[in-house]
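>
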Amino acid sequence: MKTVFEYTRGMLPEETTYCPGCTHGIAHRLIMEVLDEKGLLGETIGVAPIGCSILAHHYMNIDMCESTHGRAPAIATGIRRVHPDRIVFTYQGDGDLASIGTGEIVHAAHRGEKITSFFINNAIYGMTGGQMAPTSLLGQKTTTSMDGRMQEQSGKPIRMAELIATIDGAVFVERVSLDSPGNVRKAKKAIQKAIEVQEKRLGFGFVEILSSCSTNWGVTPVKALEWMRENMIPYYPLGNLKSPEEVK
Amino acid sequence: MSEKVLMKGNEAFAEAAIRSGCRYYFGYPITPQNEIPEYMSRELPKVGGSFVQAESELAAINMAYGGAVAGGRVFISSSSPGIALMQEGFSFLCSTEIPLVILNVSRGGPGVGGIQPGQADYYQATRGGGNGDYHLIVFAPSSIQEAVDMMEMSFRVAEEYRNPVMILADGMIGQMMEPVVLPDPIPAALMEETSMTKPWALTGTKEARPHNVIKSLYLKPEELEDRILEMDRKYQKAKEKLVQYETDGLEEAEVVLVAYGSTARIAEEAIDLLAEEGIQAGLIRPISLWPFPYEAFDKIPQKVKAVISVELSRGQMMDDVKIGTKGRFPISLSSRVGGMLITPPEIAADVKKALGVE
């Protein structure tokens, strides 16, 4: 009988601590599927952030370490120097990458570190209980912006993919979304290309993955996906911002 | 083969690290240790190593964690305010049990302070500025030769204890030139060896073993308590095995000076000055600052009239001197700070004051 579906060996058979409806599980699985399909699970070292996905190493079946808050790209830099022939990636949320860790992500990109950063943007601090993130939308209610984020007070939400794309060392930059099956398939393609960029040692790769946080947004998982489509995607346009010829 | 050369302290430290098998250095410029990143950027690539100029000390300590977590032999250096920025990383490396050798070429503080030599990092080195129950293992050399000899030992201790080791030097040792015998180079460990000697390292599973995970987070209090107690057993063992100190002239002494690092050399000159005036002074020179050599103080004869902590800080080491002497002797401080070096006559004057002689 022909096997039409197999669960990836990249994911361990663990029950996750993520909330029902959380899209971390999808993002984890897409990355692990890509590595599995490329035969890279045994060649890959991952760095987990501070945030809900600090426990990514419970689920991802690869060598992994935890990180201090925001410093994953610096840690990946150190790993990369010791193992120039391995695949090294960071998996970071918006508080980790776009707030406390802006220095490290910008300079890892600037050095053209041959690593890949997966940036989970769900427009809120998840693990600490729903505070405003640098990527929270204007008017978005959070526990530190109860009347909605105001530009006068907190500025406009930061678009990391666009910012990273201005840096020469970043050679592959794409924003994807996990709001629909079609977009999930596109996300996997972007992850495939980003890993291919690293396999070919072309430079720094960055994939921003728009994600949901129904718990802290205070909506049902289905409504959360609708909220992403109606509010996040218009502000954070999907698509490729930068790609080298070799993977086009 | 060993060779005797005249070298500036900072360059000798860097060369000693390379000869001790270090192949990875991550640093950020800060005075008075800039010769070290400069030397590493020049020399490490020649031996197949890697130098990265980090964007900050925060990034540097985390790059160092990355290199060490991957199994590499990593060395970093900085100076006092830069070390302050690395404290979160030190706590994190201790919690994840990752070996690293850190050189602190310390200067005056607090804050930006100055760029002249200081010893006011005693607390930040031995007590730590990071969170939690952890210790750096701290050694303090008093000469370039001692620092060079300490380097290989520090890597061995860091790897045996799976804990960061700090070599606490000061701007004086970093900037001076002295003749020094460099150790024979030892080859860097090959990755195949690393998987044997560091089975915990992140090298990629090759799908031949279960995945390695290096973690610091323990959400269950009972698990975290077990971890902390396990680490504490290691620290208790360090207290038994790693204490190092020198004593001189304690048996004849009527007064005892306690000094570490380059200050110990100035204290030795003060002892000679005092001898000329008929005052017998002994010396305790702690070499390991954590664990501190409290046992050395049991050797002080009961007839001693005063114990004096000589330091380029306002009594930071004196706290440990008080613990070591257990109230048996009057304790006083002989100190200059802010980058001012204490002179032998100044120490001698403080000694005479403590003894009540003019």
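As given, the protein sequences belong to chains A and B, one line each in that order. Quick note on numbering: the first sequence equals residues 10 to 257 in my numbering. Quick note on numbering: the second sequence equals residues -1 to 356 in my numbering. Backbone N, C-alpha and C fix where the C-beta goes; we use that ideal spot for every residue, glycine too. These numbers come from a predicted model, not from an experiment.
Run through the segment 81 to 137 of chain A for me and flag every whole alpha helix (DSSP H) of 4 or more residues, listed as ranges in chain order.
Correct list: 81 to 91, 111 to 119.
> What residues are listed by DSSP as bridge partners for B:A66?
None; B:A66 has no bridge partner.
> Based on Cα-Cα distance, which residue from B:L217, B:R71, B:I306, B:N60 lies nearest to B:S89?
Among B:L217, B:R71, B:I306, B:N60, the Cα nearest to that of B:S89 belongs to B:N60.
> For a contact meaning CB atoms closer than 9 Å, what does A:E75 contact in chain B?
Residues of chain B passing the Cβ test: F90, T94, V211, I212, K213, S214, L215.
> Give, in chain order, every residue of the segment 47 to 60 of chain A whose Cβ lies closer than 8 Å to some Cβ of chain B.
So the list reads L50, G51, E52, T53, I54, V56, given in the order they occur along the chain.
> Consider the Cβ of B:G65: report whether some Cβ of chain A lies at a distance smaller than 8 Å.
Yes, its Cβ sits closer than 8 Å to a Cβ of chain A.
> Got a sec, what are the start and stop residues for the beta strand (DSSP E) B:D168 sits in?
Taken as a continuous stretch (DSSP letters only), the beta strand (DSSP E) holding B:D168 covers 162 to 168.
> Is A:T144 close to chain D? Criterion is C-beta to C-beta, closer than 8 Å.
The chain labelled as chain D is not found among the protein chains of the depicted structure, namely A and B.
> Identify every residue that forms a DSSP beta bridge with B:E22.
Note on identity: in this sequence residue 22 of chain B is Tyr, with Glu being the wrong assignment. According to DSSP, B:Y22 bridges with B:S48, B:V72.
> Could you tell me the alpha carbon to alpha carbon distance between B:Y132 and B:P291, rounded to whole angstroms?
When rounded, the distance between both Cα atoms is 18 Å.
> Using a C-beta to C-beta distance shorter than 9 Å, which residues of chain A count as neighbours of B:G111?
Here the premise fails: no neighbours, minimum Cβ distance about 24 Å.
> Can you tell me where the beta strand (DSSP E) holding B:T245 begins and where it ends?
Taken as a continuous stretch (DSSP letters only), the beta strand (DSSP E) holding B:T245 covers 243 to 246.
> Of all Cβ atoms in chain B, is any one closer than 8 Å to the Cβ of A:R210?
By this cut-off, A:R210 is not an interface position.
> Using the beta-carbon count (16 or more within 10 Å), is A:T152 buried or exposed?
With fewer than 16 Cβ atoms within 10 Å of its Cβ, A:T152 is classed as exposed.
> Taking the alpha carbon of B:E275 as the point to measure from, which residue in B:W288, B:P219, B:V355 has its own alpha carbon closest?
With distances taken between Cα atoms, B:E275 lies closest to B:V355.
> Nearest chain A C-beta to B:A187 closer than 8 Å, yes or no?
So, not an interface residue.
> In terms of alpha-carbon separation, which member of B:S76, B:P108, B:P219, B:D224 lies closest to B:R312?
Checking every option, the nearest Cα to that of B:R312 belongs to B:P108.
> Is there a Cβ from chain A that is less than 8 Å from the Cβ of B:T201?
Yes, B:T201 lies at the interface with chain A (some Cβ there is under 8 Å from its Cβ).
> List, in order along the chain, the chain B residues whose C-beta lies closer than 7 Å to that of A:A85?
Within 7 Å Cβ-Cβ: G64.
> Can you tell which of B:E55, B:D182, B:P284 has its C-alpha closest to the C-alpha of B:M84?
For B:M84, the nearest C-alpha among the options comes from B:E55.
> Along the chain, which unbroken stretches of the alpha helix (DSSP H) at least 4 residues long are found entirely within the segment 39 to 88 of chain A?
As far as the segment 39 to 88 of chain A is concerned, its whole alpha helix (DSSP H) runs of at least 4 residues are 65 to 68.
> Give the residues of chain B in contact with A:G112, contact being defined as C-beta atoms less than 8 Å apart.
Within 8 Å Cβ-Cβ: E53, S54, L56, A57.
> Any idea what DSSP makes of B:G280, helix, strand or coil?
Strand.
> Is B:G172 closer than 8 Å to B:V335 when the C-beta atoms are compared?
No, Cβ-Cβ distance for B:V335 and B:G172 is not below 8 Å.
> Which same chain residues end up closer than 6 Å to B:A138 when comparing Cβ atoms and leaving out the 5 residues on each side of it in sequence?
Cβ neighbours of B:A138 beyond the five flanking positions: L166, Y258, G259, L287.
> So for A:W226, helix, strand or coil by DSSP?
Helix, per DSSP.
> Restricting to Cα atoms, I'd like to know which of A:M20, A:G55, A:I96, A:D103 is closest to A:Q143.
Contrary to the premise, residue 143 of chain A reads as Pro rather than Gln in this sequence. Of the candidates A:M20, A:G55, A:I96, A:D103, the one whose C-alpha sits nearest the C-alpha of A:P143 is A:D103.
> Kindly indicate if chain B contains any beta-carbon less than 8 Å away from that of A:P37.
The question names Pro, yet the displayed sequence has His at residue 37 of chain A. No, A:H37 lies away from the interface with chain B (no Cβ there is under 8 Å from its Cβ).
> Find the nearest neighbour of A:H33 within the set A:E122, A:G60, A:L49, A:Q149, judged by alpha-carbon distance.
Comparing Cα positions, the closest option is A:G60.
> Curious, which full-length beta strand (DSSP E) runs of at least 3 residues does the segment 180 to 236 of chain A contain?
For the segment 180 to 236 of chain A, whole beta strand (DSSP E) runs of length 3 or above, ordered along the chain, are 213 to 219.
> Check the Cβ of A:I200 against every Cβ in chain B and list those closer than 9 Å, keeping chain order.
Simply none; closest approach about 19 Å.
> Anything in chain B within Cβ reach of A:I88, meaning under 8 Å, just list it in chain order.
Simply G64, G65, V67, A68, L200.
> So who's on the other strand from B:R154, going by DSSP bridges?
Paired residue(s): none; B:R154 is not in a bridge.
> Between the Cα of B:M149 and the Cα atoms of B:W198, B:V72, B:S77, which residue gives the shortest distance?
Of the candidates B:W198, B:V72, B:S77, the one whose C-alpha sits nearest the C-alpha of B:M149 is B:V72.
> Can you check whether the CB of B:V99 is closer than 8 Å to the CB of B:V179?
No; because the gap between Cβ atoms is not below 8 Å, this pair is not in contact.
> If the cut is a Cβ gap below 8 Å, which residues of chain B does A:D72 touch?
Those are L200, T201, G202, T203, H209, N210, V211, listed as they occur along chain B.
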